[in-house]
Amino acid sequence: MTRIAFIGLGNMGQPMAANLLRAGHTVIGCDLVAPARAAHEQAGGTIAASAREAVVGADIVISMLPAGAEVRALYLGANGLIAALAGSDALLIDCSTIDVESARDVTAAAAAAGLAMLDAPVSGGVGGAQAGSLTFMVGGEAAAFARAQPLLAAMGRSIVHAGGPGAGQAAKICNNMLLGIAMLGVSEAFVLADRLGLDRQKLFDISSTASGQCWVLTSYCPVPGPVPASPANRDYAAGFAAALMLKDLTLAQQAAEASGAATPLGAHAARLYGAIAEAGLAGRDFSIAFPWLAGQARASLAKS
Ligand code: NAD
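Residue numbers (this note's numbering): 399 to 702.
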């Protein structure tokens, strides 16, 4: 049995912590909001008054926070968890999706204090967190990865060591940049098909076995009908919210800017998801790109 401190019991963190409890671990949770704390207690966990209190005696610390600023605030500085845990044998695992630079900075600060740390962002969404079927993309030292693997396996089905510090975050934003571009591409094909009078199901049947085939088309089709499980059939209820896609595309653009990578389609996808958010659609599934694009005049997007 492992003693785990779990910081951030939100939409993803709470069900992940519940799976650790189900696997027989002791999970001391911490969150800023009362409903998140109550849900963890209801699942059989205990709650600490602060993150510093949660990590006392912890073998493993897992964080699942909104963004890089929260992760830096949690771990760095005189009141941060790295200072609190320095000299202990605790392993730190940040599962939040954050910028590569923050992930590397925090891992370096941990290493300077003698602590092992992994960046281990996930894909699979809330459904995957509940089902324990998440994919973990892990960056960090091989020994730390080996130590974390059985624990991550209690929350996920596919656990991949992507490389050194920051490689997990790098894999996550590269994958999601590709996903955002693919969603816009598939949506555009259906917008054009509608205008040309081509039946949507016919386009699906042809492209799903032709060279336009891709995961967005065959597993997450943005038009209602061809793929019954896709959010398009539930009035675009998220799923994976457009706001989170915008966040990941923005992180990808920050990383592209910092590294000098040419990513013009990623930049354009970030602008288009920015416009989708401005249209009040941030909370809808990211496949809302299709009806949003269908409602745009060609001229209005020509120069965006
Ligand atoms: P969320 O907003 O539901 O949860 C974050 C939780 O962290 C909140 O409950 C908040 O109160 C808590 N928190 C913030 N600062 C804190 C602090 N200092 N101490 C303790 N608690 C603190 O977000 P989420 O949907 O659970 O996402 C978490 C991370 O996972 C994000 O980085 C997100 O991008 C990523 N992610 C989300 C999904 C998804 O589908 N929701 C999928 C993959 C990855």
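Built from N, CA and C at the ideal position, the CB exists for glycine as well.
Self-check item: Length of the line joining the Cα atoms of S698 and R632
Solution: Counting from one through the sequence shown, the residue named residue 698 turns up at place 300. Counting from one through the sequence shown, the residue named residue 632 turns up at place 234. Answer to the nearest angstrom: the Cα atoms are 28 Å apart.
Quiz item: What is the DSSP secondary structure of H666, reduced to helix, strand or coil?
Solution: As a working note, residue 666 is residue 268 in the sequence shown. Secondary structure at H666: helix, using DSSP grouped into helix, strand and coil.
Self-check item: Cα-Cα separation between N574 and R450, rounded to whole angstroms
Solution: Translated into positions along the sequence shown, residue 574 becomes position 176. Translated into positions along the sequence shown, residue 450 becomes position 52. Rounded to whole angstroms, N574 to R450 spans 33 Å at the Cα level.
Self-check item: Sub-7 Å separation of M462 and C493 beta-carbons
Solution: What you label residue 462 is simply residue 64 of the sequence shown in a count that begins at 1. What you label residue 493 is simply residue 95 of the sequence shown in a count that begins at 1. Closer than 7 Å, so yes.
Practice problem: Below 7 Å CB to CB, which residues in the same chain sit around I571 once its five sequence neighbours on both sides are set aside? | Solution: The residue labelled residue 571 in the question sits at position 173 within the sequence shown. Within the same chain, Cβ atoms closer than 7 Å to the Cβ of I571 are found at D646, L649, A650 and A653, the five residues on either side in sequence being excluded.
Exercise. State buried or exposed for D487, treating a residue as buried only when at least 16 other CB atoms are found within 10 Å of its CB.
Key: Taking the first residue of the sequence shown as position 1, residue 487 is located at position 89. Looking at its Cβ environment, which holds fewer than 16 other Cβ atoms inside 10 Å, D487 is exposed.
Exercise. Within 10 angstroms of the Cβ of T607, are there 16 or more other Cβ atoms? Answer buried if so, exposed if not.
Key: Here residue 607 refers to the residue found at position 209 when the sequence shown is read from its first residue. With a threshold of 16 other beta carbon atoms within 10 Å, T607 falls short and is exposed.
Quiz item: Are three or more beta carbon pairs between the region 498-509 and the region 523-535 nearer than 8 Å?
Solution: Taking a cut-off of 8 Å for Cβ pairs, the region 498-509 and the region 523-535 do not touch, as fewer than three such pairs fall below it.
Quiz prompt | For L490, the three-state DSSP class (helix, strand or coil) | solution = Residue 490 sits at position 92 when you count from the first residue of the sequence shown. Residue state, collapsed to three classes: strand.
Exercise. For G578, I'd like the list of residues in its chain whose CB is within less than 6 Å of its CB, leaving aside the five on either flank, ordered along the chain.
Key: On the sequence shown, position 180 is the one that residue 578 refers to. Around G578: M643, L647 and A667.
Practice problem: Starting from the Cα of V520, find the closest Cα among L601, S585, F534 and A514 and give me that residue. | Solution: Along the sequence shown, one-based indexing puts residue 520 at 122. Measuring from the Cα of V520, the nearest candidate turns out to be F534.
Self-check item: Three or more C-beta pairs below 8 Å linking the region 470-489 and the region 420-427
Solution: With the rule of 3 Cβ pairs closer than 8 Å, the region 470-489 does not count as touching the region 420-427.
Practice problem: Write down every uninterrupted run of the alpha helix (DSSP H) in the region 614-688 whose length is 4 residues or greater and which is fully enclosed by it, in chain order. | Solution: Taking only runs of at least 4 residues, the alpha helix (DSSP H) segments lying wholly in the region 614-688 are 640-657 and 662-674.
Quiz item: How do the region 613-631 and the region 677-688 stand: do at least 3 beta-carbon pairs fall below 8 Å, yes or no?
Solution: They touch, by the three-pair rule.
Self-check item: Opening and closing residue of the alpha helix (DSSP H) in which A363 lies
Solution: Absent from the structure is residue 363, since the part of the chain shown begins at 399 and ends at 702.
Quiz item: Between which two residues does the alpha helix (DSSP H) harbouring C572 extend?
Solution: Position 174 of the sequence shown holds residue 572. It spans A565 to L594 - the alpha helix (DSSP H) in which C572 sits, taken as one unbroken run.
Practice problem: Assign A656 to one of two classes, buried (16 or more other C-beta atoms within 10 Å of its C-beta) or exposed (fewer than that). | Solution: Residue numbering aside, residue 656 sits at position 258 when the sequence shown is read from its first letter. Counting the other Cβ atoms within 10 Å of the Cβ of A656 gives fewer than 16, which makes it exposed.
Exercise. Count the other CB atoms, across all protein chains shown, that sit within 10 Å of the CB of R593; report buried if there are 16 or more and exposed otherwise.
Key: If you number the sequence shown from 1, residue 593 lands on position 195. Per the 10 Å Cβ criterion, exposed.
Self-check item: Among E586, A542, V536 and I604, nearest to S556 - alpha-carbon criterion
Solution: Here residue 556 refers to the residue found at position 158 when the sequence shown is read from its first residue. Cα-wise, what sits closest to S556 is V536.
Quiz item: What are the residues that DSSP puts in a beta bridge with L532?
Solution: Position 134 of the sequence shown, counted from the start, is the residue given in the question as residue 532. G554.
Quiz item: Is there at least one non-hydrogen atom of the ligand NAD closer than 6 Å to the beta-carbon of A641?
Solution: In the sequence shown, counting from the first residue as 1, residue 641 sits at position 243. No.
Practice problem: Excluding the 5 residues preceding and the 5 following A379 in the sequence, name in chain order all residues of the same chain whose CB lies nearer than 8 Å to its CB. | Solution: What the structure shows of the chain is the stretch from 399 to 702, and residue 379 is not part of that stretch, so it cannot be assessed.
Quiz item: Helix, strand or coil for V454 per DSSP?
Solution: Taking the first residue of the sequence shown as position 1, residue 454 is located at position 56. Three-state result, V454: coil.
Practice problem: Drop a sphere of 10 angstroms on the beta-carbon of W690, count the other beta-carbons inside from all chains shown, and report buried for 16 or more, exposed for fewer. | Solution: Within the sequence shown, residue 690 is the residue found at index 292, counting from 1. Around the Cβ of W690, a 10 Å sphere holds 16 or more other Cβ atoms; the residue is buried.
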